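Have a look at the structure below before the remarks.
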Amino acid sequence: MAHGRPREEDPYHVVWNRLALPKHNFIAWLYAKDRLLTKDRLIKHGLLIDGNCDICSNAIETSEHLFFLCSFSNRCLQGIGDWLGVDIPEHGTLDWCRKLKMKSLMKKQLIIAAILALYYHVWWVRNKCRKEMVLPHPQLFVIGRVQQLIRSVGNRKLWNTKHRVDSEWCTKVDIRMQ
Ligand SMILES: [Zn+2]
Numbered sequence: 002m003a004h005g006r007p008r009e010e011d012p013y014h015v016v017w018n019r020l021a022l023p024k025h026n027f028i029a030w031l032y033a034k035d036r037l038l039t040k041d042r043l044i045k046h047g048l049l050i051d052g053n054c055d056i057c058s059n060a061i062e063t064s065e066h067l068f069f070l071c072s073f074s075n076r077c078l079q080g081i082g083d084w085l086g087v088d089i090p091e092h093g094t095l096d097w098c099r100k101l102k103m104k105s106l107m108k109k110q111l112i113i114a115a116i117l118a119l120y121y122h123v124w125w126v127r128n129k130c131r132k133e134m135v136l137p138h139p140q141l142f143v144i145g146r147v148q149q150l151i152r153s154v155g156n157r158k159l160w161n162t163k164h165r166v167d168s169e170w171c172t173k174v175d176i177r178m179q
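Letter by letter, the sequence shown follows residues 2 to 179 of the working numbering.
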């Protein structure tokens with residue numbers, strides 16, 4: 002792998018999670034395939050640009066930096082993990098999702114959808130910071146949006162019995178089953 006990234010095996014079922022929005026699946030798929038046009042890749046393709054992360058300016062923008070190591074995304078990752086009650090790892094996250102064992106399939110699917118939404122929103126913030134002077138706000142730009150989305154998906158979907166709803170967890174993350 003080009004950036005020394007841990008190899009994530011067959012993330013197909015993770016990145017194409019059915020509860021995620023298609024644009025979230027797509028960004029996750031590009032990330033999984035190492036095809037996101039982060040600055041390190043643009044430079045490798047010959048573009049003469051400043052390679053620093055537009056969000057924190059503290060490191061070269063690689064996909065690992067952007068999604069996990071950047072102080073901004075790290076705070077988002079922590080915030081989403083605290084909210085969901087899981088420790089989301091900073092490395093091999095898609096693989097962690099793939100191996101996630103939970104009694105409630107519903108909970109597992111929603112956690113994965115939240116992580117894909119997190120990727121998408123961090124990418125969105127990155128693009129916003131590239132174009133304009135923005136003070137990235139983790140709660141406003143990422144955590145709050147991911148929470149809103151996951152709550153609406155959780156409430157909307159008609160879960161069948163095989164999903165085994167985890168009511169205690171739903172109360173904690175404020176998903177009210179209808
Ligand atoms: Zn950064």
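We put the CB at the ideal spot given by N, CA and C, even for glycine. As the structure is a prediction and not an experimental result, all values here were calculated from the model.
Neighbourhood of residue i by C-beta distance below 7 Å, restricted to the same chain and skipping five residues each side
i, result
"R1", "Outside the displayed range of the chain (2 to 179) lies residue 1, so it cannot be described from this structure."
"V147", "I81, A115, A118, L119, H122"
"A33", "E9, P12, V16, L95"
"S74", "L67, F68, V123"
"V135", "K129"
Sequence-distant residues of its chain with Cβ nearer than 8 Å to residue i (five each side left out)
i, result
"R131", "D55"
"R165", "K104, S105, L106, M107"
"W97", "I89, P90"
Option nearest residue i by Cα separation, candidates the options
i, options, result
"D35", "L49, G52, N53, T63", "T63"
"D11", "S105, T94, A118", "T94"
"H92", "K102, L67, M107", "L67"
"I176", "L141, F73, S153", "S153"
"G52", "F73, K129, D41", "D41"
"E169", "W125, W124, K102, L85", "L85"
Min CB distance residue i to chain B below 9 Å
i, result
"W17", "Absence of chain B from the displayed structure is noted, only one protein chain being present."
Integer Cβ distance of residue i from residue j, believed to fall under 8 Å
i, j, result
"Q79", "N18", "Not confirmed; about 21 Å, so no contact."
"I112", "V87", "6 Å"
"L31", "L37", "5 Å"
Residues near residue i by beta carbon distance below 6 Å, same chain, minus five either side
i, result
"V126", "P137, F142"
### Task
Name all residues in chain order for which at least one heavy atom of ligand 3 lies closer than 5 Å to the residue's CB.
Judged by which ligands are present, ligand 3 is missing from the structure shown, whose ligands are ligand 1.
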